[in-house]
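Remember, our numbering sits 23 above the position in the sequence shown when you count from 1.
Even for Gly, the Cβ is constructed at its ideal location relative to N, Cα and C.
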Amino acid sequence: MLKCIDNQKHETILLIHGFPEDASIWDNYISPLSKKYNLLILNSKNPPEAESLTLELLKNLRSLKSSALHIACHDIGGYLAVATYPYLQTEVKSLIFISASFPQLLIRRCASPKQLLKSWYSVFFQIPILSDTIWKKYASNIVKRLYPNDKDHLQNLERHTAWIALYRQAFVDIFKKKQAPITVPTLFIEATDDSFLEIHSKNDLAHFFTDIEQRVLQGGHWLVVEESEKVIHFMELFLEKMNGKRKTFESAKPIL
């Protein structure tokens, strides 16, 4: 479930992919981030439960002798990051959301008609038999449109079906658990033309986070891959500021 890259560093970054992706979205991140951090990279066909992911994380952190954990996530990976956080409050020092959100925050954003239209698939996945039947019938066509040049996704359609369960569990949690405020420094890197997410408002973020930085890049939902150099740039600035190596986030020119 977790690929571990031990670079003998004191701090570790956990990279959580979203739906319907795999760990390959982080390929461009490994070399630059490995210079300063250990890396743990989630790669799972079947979405893990927060508790099982936490146990594996703790085991790896002990092995790495790591003093701090930073979590970076994309898409529905945001749900896993937030669901894992309560179990790891001692270890987690920051969160980074890259075109990512989580259900409690999305529900607030759905007051916006634009976000409501973009979130149609979240509602669709809540319909038990119908959504599974329709998805299985049209999955290859949908995946072909999402990944026209990626045969691996077409050969592994079970990966896409498995992640439907994660969307269901995520929205069930809205009614089961009240989201406690997240107090660690948190960075949102968002896209101007995201097909699935509107840019989060400061007011909505303030309901869940006490220490927020927000940056917007030109691009769409897949800027995590298409604009990886710029995303890494902002991640590094944010983490340097956290570690006291930079006074402000703005002290270096942003790449836009």
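Any idea what DSSP makes of residue i, helix, strand or coil?
i, result
"residue 253", "helix"
"residue 242", "coil"
"residue 54", "helix"
"residue 47", "helix"
"residue 26", "strand"
"residue 220", "coil"
"residue 263", "helix"
"residue 177", "No answer about residue 177 holds up, because its pLDDT of 48 lies below 50 and its placement is not dependable."
"residue 194", "helix"
"residue 234", "coil"
When you compare only the Cα positions, how much space is there between residue i and residue j?
i, j, result
"residue 87", "residue 61", "8 Å"
"residue 203", "residue 235", "15 Å"
"residue 121", "residue 221", "13 Å"
"residue 289", "residue 58", "Examination of residue 289 is not possible in this model, given that the chain is present from 24 through 279 alone."
"residue 54", "residue 85", "23 Å"
"residue 127", "residue 252", "30 Å"
"residue 247", "residue 33", "25 Å"
"residue 218", "residue 249", "15 Å"
"residue 35", "residue 90", "8 Å"
"residue 239", "residue 92", "24 Å"
"residue 129", "residue 27", "31 Å"
"residue 67", "residue 24", "5 Å"
Of all the options the options, which has the alpha carbon lying nearest to the alpha carbon of residue i?
i, options, result
"residue 267", "208, 239 and 101", "208"
"residue 105", "90, 85 and 39", "39"
"residue 212", "256, 80 and 201", "256"
What are the boundary residues of the alpha helix (DSSP H) that includes residue i?
i, result
"residue 313", "Given a span of 24 to 279 for the chain in the structure shown, any question on residue 313 remains unanswerable."
Ends of the beta strand (DSSP E) at residue i?
i, result
"residue 115", "115 to 123"
Stretch pair the segment 100 to 114 + the segment 48 to 56: three plus CB contacts closer than 8 Å: By the Cβ rule, the segment 100 to 114 does not count as touching the segment 48 to 56, because fewer than three pairs are nearer than 8 Å.
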